[in-house]
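One point on numbering: in the numbering used here, the residue at position 216 of the sequence shown is 806, and numbering is uninterrupted.
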Amino acid sequence: ALELDKKDISYLTNRSAVYFEMGDYDKCIDDSEKAIEVGRELRADYKLIARAMTRKGNALVKKGNLAEAVTVYEKSLMEHRNADTLKRLQEVEKQMKDAQEKEYINPTIAAEEKEKGNACFKEQKYPDAVAHYTEAIKRLGPTGEDLHKVYSNRAACYTKLTAFYEALKDANKCLELEPTFVKGYIRKGLVQFFMKEYNKAMETYQEGLKIEPGNQELQEGVRKCMFEINRAARGELSPEELKQRQEHALADPEIQGILTDPVMRQVLNDFQEDPKAAQLHAKDPGVMAKLQKLVNAGLVQMQ
Numbered sequence: 591a592l593e594l595d596k597k598d599i600s601y602l603t604n605r606s607a608v609y610f611e612m613g614d615y616d617k618c619i620d621d622s623e624k625a626i627e628v629g630r631e632l633r634a635d636y637k638l639i640a641r642a643m644t645r646k647g648n649a650l651v652k653k654g655n656l657a658e659a660v661t662v663y664e665k666s667l668m669e670h671r672n673a674d675t676l677k678r679l680q681e682v683e684k685q686m687k688d689a690q691e692k693e694y695i696n697p698t699i700a701a702e703e704k705e706k707g708n709a710c711f712k713e714q715k716y717p718d719a720v721a722h723y724t725e726a727i728k729r730l731g732p733t734g735e736d737l738h739k740v741y742s743n744r745a746a747c748y749t750k751l752t753a754f755y756e757a758l759k760d761a762n763k764c765l766e767l768e769p770t771f772v773k774g775y776i777r778k779g780l781v782q783f784f785m786k787e788y789n790k791a792m793e794t795y796q797e798g799l800k801i802e803p804g805n806q807e808l809q810e811g812v813r814k815c816m817f818e819i820n821r822a823a824r825g826e827l828s829p830e831e832l833k834q835r836q837e838h839a840l841a842d843p844e845i846q847g848i849l850t851d852p853v854m855r856q857v858l859n860d861f862q863e864d865p866k867a868a869q870l871h872a873k874d875p876g877v878m879a880k881l882q883k884l885v886n887a888g889l890v891q892m893q
């Protein structure tokens, strides 16, 4: 068929597909390259040329030539933006990244970097400490021993640098890896406290106390949170402080959810206008917990 109609590259692409299924990847690549070359000469449909490129990329993946396959897939996408080719490209890129990360793992170097980070932290060289802890995390890999401790240490550095978002992210990762690591709750609670999320910080400290009831740092954290929460109830906040606390609370998705909940809107209305209904609401632990969050945020006052 190829000899009869040399102006149709589909014969080449089809034969390359057969070679691919047979596992003869070199011949598959040869036919794909011929199809691309002939297609250019004949100004064939760009979709056919892209298809030949993708098949060549598939064969290269089978041969283990991942870097070359990435280049070919990228060229194919420049010819025609195909969802399947894009997916294959992303899969190969992830495969290469995973392989590189796996080769990079070295527990011995990780331990050295952690110690360097600890030394920098003690010397208050927090940016340097972050760099060493970050390298330790990379060297340990996603399942490295005591990885949660390195995230905890880096969270402490970020807190010192007032990079609270990064600190909270690391504290959460620490607890995700090891939910019983008490220091993780201390780190997270402190970050939330500095972010003026006193109610959330108190909840975090209380979660930690379930694991270690006698921990003094957690207990002190709860006391500090309660003090800040009760300042609003005692009328000790300046108008500016109250405004800032309310604005911060209104930006919280959890608070937004409570305020837009039709049931809670009715509850708030009943507490203002219907004392009997309010008494019934007060017996519902779920309702009162949400109401307490609004009180703690300075958005509602209870008489």
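Cβ coordinates follow ideal geometry from the N, Cα and C atoms, glycine included.
If you're wondering where the values come from, they're calculated on a predicted model, not measured in any experiment.
Proximity to residue i [Cα-Cα], best of the options
i    : options                : result
A745 : K880, E768, A757       : A757
E793 : Q869, Q882, E826, K715 : Q882
G779 : E863, E703, A761, N655 : A761
E876 : N859, L889, V853       : Here the sequence assigns Gly to residue 876, which means Glu is not the residue at that position. Taking only the C-alpha atoms, the option nearest G876 is V853.
E669 : M612, Q714, A721, R633 : R633
A841 : L889, D616, D874       : L889
M900 : A753, A791, T724       : Only positions 591 to 893 of the chain appear in this structure, which leaves residue 900 out of reach.
I626 : L832, V608, G647       : G647
D616 : D635, K653, E631       : K653
T724 : G734, L679, G707, N886 : G707
G734 : N820, N886, K704, V608 : K704
R678 : T661, E693, A689, Y694 : T661
E837 : Q680, A887, D614, T675 : A887
F610 : Q796, L751, V651       : V651
Y952 : L870, F784, V885       : Any property of residue 952 remains undetermined from this structure, which presents the chain solely from 591 to 893.
V812 : I776, Y663, Y636, D614 : I776
Y788 : I848, L827, I819, A689 : I819
D874 : L884, V885, V857       : V857
E844 : A879, Q891, G825, P829 : A879
Q846 : Q891, K866, L638, L884 : L884
G629 : Y663, D598, D864       : D598
Which of helix, strand or coil DSSP assigns to residue i
i    : result
F771 : coil
H548 : With the chain covering 591 to 893 only, the question about residue 548 has no answer from this structure.
R633 : coil
E593 : Because E593 sits at a pLDDT of 45, beneath the cut-off of 50, its placement in the model cannot be relied upon, and the following sentence gives the value as read from the coordinates. Looking at E593 - three-state DSSP - the assignment turns out to be coil, as it is neither helix nor strand.
S828 : coil
G798 : helix
V740 : helix
N820 : helix
D842 : coil
E713 : coil
F891 : In the sequence on display, residue 891 carries Gln and not Phe. The answer is coil: DSSP assigns Q891 none of H, G, I, E or B.
K786 : coil
N859 : helix
I848 : helix
T733 : coil
D614 : coil
L881 : helix
I599 : coil
A640 : helix
D864 : coil
L808 : helix
Same chain only: Cβ atoms within 6 angstroms of residue i, ignoring 5 sequence neighbours per side
i    : result
S606 : C618, D621, S622, R645
E768 : H738
C764 : H738, Y741, S742, G774
K814 : none
A868 : D860, F861
K750 : Y716
D595 : Note on D595: pLDDT 47, under 50, position unreliable in the model; no value is reported.
Y636 : E669, H670
A659 : G647, L650, V651, V682
S666 : A640, M643, T644, T675
Close beta carbons around residue i, own chain, < 7 angstroms, minus the five adjacent residues each side
i    : result
E691 : G731
C710 : D718, A719, H722
P680 : Correcting the residue type first, residue 680 is Gln in the shown sequence and not Pro. Closer than 7 angstroms at Cβ, skipping near neighbours: no residue.
L786 : Inspection of the sequence shows that residue 786 is occupied by Lys rather than by Leu. Result list for K786: R835, H838, in chain order.
Q796 : V812
Heavy atom of the ligand ATP within 8 angstroms of residue i beta-carbon
i    : result
E627 : Looking at this structure, you won't find the ligand ATP or any other ligand, since it has none at all.
Residues of its chain near residue i, where Cβ-Cβ distance is below 8 angstroms and the 5 sequence neighbours each way are ignored
i    : result
E593 : At E593 the pLDDT is 45, less than 50, meaning the model places this residue with poor confidence; the figure from the coordinates comes in the next sentence. So the list is empty, once near-sequence residues are dropped.
V772 : G798, I801, E802, N805, L808
A562 : The structure shown has nothing for residue 562, since the chain only spans 591 to 893.
L827 : R821, R835, G888
The segment 720-731 touching the segment 692-703, judged by at least three CB pairs closer than 8 angstroms:
yes
Tell me, please, whether the segment 598-607 touches the segment 632-649 by the rule of three or more beta-carbon pairs shorter than 8 angstroms.
yes
Check whether the segment 703-720 and the segment 678-688 are in contact - that is, three or more C-beta pairs closer than 8 angstroms.
no
Can you list the alpha helix (DSSP H) stretches of 4 or more residues lying completely in the segment 676-713, in chain order?
697-712
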